[in-house]
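Under this note's numbering, think of the first position of the sequence shown as 39, with each following residue one higher.
Think of the CB as a built atom: it goes at the ideal place given N, C-alpha and C, for glycine as much as any other residue.
First comes the structure, then the notes that go with it.
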Amino acid sequence: MQRPAIIIHGGAGRGSSDLAREQCDGCADAVAAGWRILADGGSAVEAAVAAVTVLENDPHFNAGVGSCLTATGTVEMDASVMDGSRLVGGAVGAVSTVVNPVRLARAVMDDGRHVLLVGGGAEPFARAHGLPTTSPEQFITERQRRRWSAGAGEGPGTVGAVAVDATGHVAAATSTGGLTHKLPGRVGDSALIGAGTYADDRAGAASATGHGEAIILTGLAK
Numbered sequence: 039m040q041r042p043a044i045i046i047h048g049g050a051g052r053g054s055s056d057l058a059r060e061q062c063d064g065c066a067d068a069v070a071a072g073w074r075i076l077a078d079g080g081s082a083v084e085a086a087v088a089a090v091t092v093l094e095n096d097p098h099f100n101a102g103v104g105s106c107l108t109a110t111g112t113v114e115m116d117a118s119v120m121d122g123s124r125l126v127g128g129a130v131g132a133v134s135t136v137v138n139p140v141r142l143a144r145a146v147m148d149d150g151r152h153v154l155l156v157g158g159g160a161e162p163f164a165r166a167h168g169l170p171t172t173s174p175e176q177f178i179t180e181r182q183r184r185r186w187s188a189g190a191g192e193g194p195g196t197v198g199a200v201a202v203d204a205t206g207h208v209a210a211a212t213s214t215g216g217l218t219h220k221l222p223g224r225v226g227d228s229a230l231i232g233a234g235t236y237a238d239d240r241a242g243a244a245s246a247t248g249h250g251e252a253i254i255l256t257g258l259a260k
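Written out as structure tokens, the structure is:
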């Protein structure tokens with residue numbers, strides 16, 4: 039039997055030092071959420087998604103609540119999930135109303151008809167699968183408004199998790215709000231299987247963070 043394990047990250051980038059404590063606490067909460075599932079015999083997919091969900095719900099990270107704002111001051115979020123035991127994945131891009139994009143990415147994976155849904159197609163899919171939605175304004179924090187008004191740069195990056203469960207199966211999950219002042223419609227590596235997220239029981243699992251365009255061009259996670 040494999041010894042379960044989980045690793046999470048809160049993103050690369052020029053973060054604010056005054057958020058260090060909150061971000062450390064958030065990472066600890068995310069690891070704990072994933073570990074509880076693994077300790078109870080749950081799957082690597084469940085653990086990775088649970089950990090990233092915690093980070094999406096924490097306003098101190100650039101994912102879900104607290105996402106960076108686009109050039110027009112809106113929120114567009116990306117996420118993906120991959121199951122290394124079956125070599126299947128799901129992803130969403132440029133979503134603005136889905137409470138937890140990573141859970142929507144998992145729903146896309148479990149549905150099995152497609153790998154990636156974006157924007158206006160992804161959000162009706164979320165509602166059809168009973169996933170909660172809200173107004174786009176609920177994701178915008180005062181900190182991100184200030185960054186946007188100041189013309190701030192890239193921001194604190196992506197969040198992600200990789201896990202291995204007791205059966206030896208691996209999984210990865212990634213979520214982000216993208217870049218501050220990105221063009222509306224820009225989809226980054228976090229929504230692309232093989233670039234921002236990849237998992238294969240024969241090799242391992244990866245969740246990337248960094249400069250999205252470079253990660254896409256190199257197919258970094260795979």
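Exercise. Does DSSP classify T247 as helix, strand or coil?
Worked result: Looking at T247 - three-state DSSP - the assignment turns out to be coil, as it is neither helix nor strand.
Exercise. Where DSSP assigns a beta bridge to M115, which residues make up the other side?
Worked result: According to DSSP, M115 bridges with V133.
Problem set entry | Any 3 or more C-beta pairs closer than 8 Å across the stretch 157-176 and the stretch 53-68 | Touching, no, given that fewer than three Cβ pairs across the two stretches are closer than 8 Å.
Problem set entry | Of the listed residues V133, G128, R74 and A243, nearest to G215 (C-alpha basis) | Of V133, G128, R74 and A243, the residue nearest in Cα terms is V133.
For this session: Would you check if the distance between the CB atom of A109 and the CB atom of A129 is smaller than 9 Å?
Result: No, the Cβ-Cβ distance between A109 and A129 is not below 9 Å.
Exercise. Residue range of the beta strand (DSSP E) that D203 falls in?
Worked result: It is not in any beta strand (DSSP E) - D203 carries neither H nor E in the DSSP assignment.
For this session: Name the residue from V69, I178, V92 and T235 whose alpha carbon lies nearest to the alpha carbon of I45.
Result: Ranking V69, I178, V92 and T235 by Cα distance to I45 puts V69 first.
For this session: Have a look at the DSSP bridge pairing and note the partners of S213.
Result: DSSP lists A117 and V197 as partners of S213.
Exercise. Counting only beta-carbon atoms, is T135 nearer than 9 Å to chain C?
Worked result: The structure shown contains no chain C; it is built from a single protein chain.
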